[in-house]
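Okay, structure first, notes after.
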Amino acid sequence: MDLRVSVVLLFFFLTGGYSLQCYLCIPDLTGSCEATTTVQTCEAGYTQCSSSTVEQTSGSTKVSVTTKGCAKKCKRATAQTPEGMTVSLHCCDTDLCNAADGVFKGSFLLLFSPLLFYFLFQ
């Protein structure tokens, strides 16, 4: 079998059992995720990462609580409650995409594959 075909087949077989990874955060007493964030491998059926934020403004003080984790179904939304709280839900479907800095963090394999194919099929 041609070496290029073997490498492509190996590439597909190695990525077949891949599971999504998301940041997991249950906020501390201050509502912050910074000290408690860990990486979680999502279980079967969980196809998205989510990040939800609840904000409450009282006078000049703004309190914000954020949670992060894996989600089965997620739809991006923002809503106001009758009490004046703002609830925001953000969803994404790539590894570690629910990061605190909001920067897209795509899979290394996805970023590496064009380079791999360039050298294999040159």
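Read in order, the letters of the sequence shown correspond to residues -19 to -1, 1 to 103 in mature numbering (1 follows the signal peptide of the UniProt record, and there is no 0). All C-beta atoms in this analysis are idealised placements derived from N, C-alpha and C, irrespective of residue type, glycine included. Because the structure is a prediction, the values reported are computed rather than measured.
- Q21 is bridged by DSSP to C3.
- For T59 and Q103, the gap between their C-alpha atoms comes out near 48 Å.
- By alpha-carbon distance to Q29, the top candidate from L101, G65, K43, L5 is L5.
- In this structure, the straight-line span from the alpha carbon of P63 to that of P8 is close to 24 Å.
- The beta carbon of T18 is closer than 6 Å to those of Y4, C6 in its chain, skipping five residues each way along the sequence.
- Following the DSSP letters along the chain, one finds C51 inside the beta strand (DSSP E) bounded by residues 42 to 52.
- In its chain, beyond the 5 residues on either side, V44, S45, V46, T47 have a beta carbon closer than 8 Å to the beta carbon of G12.
- Boundaries of the beta strand (DSSP E) harbouring T38: 29 to 39, taken from the DSSP string.
- Residue pairing from DSSP leaves S13 without any beta-bridge partner.
- Boundaries for T62: no beta strand (DSSP E) harbours it, and the DSSP string shows neither H nor E there.
- Per DSSP, C55 lies in no beta strand (DSSP E) and is assigned neither H nor E.
- Using a Cβ distance threshold of 8 Å, S31 and G50 count as a contacting pair.
- Annotated three-state conformation of L77 is coil, per DSSP.
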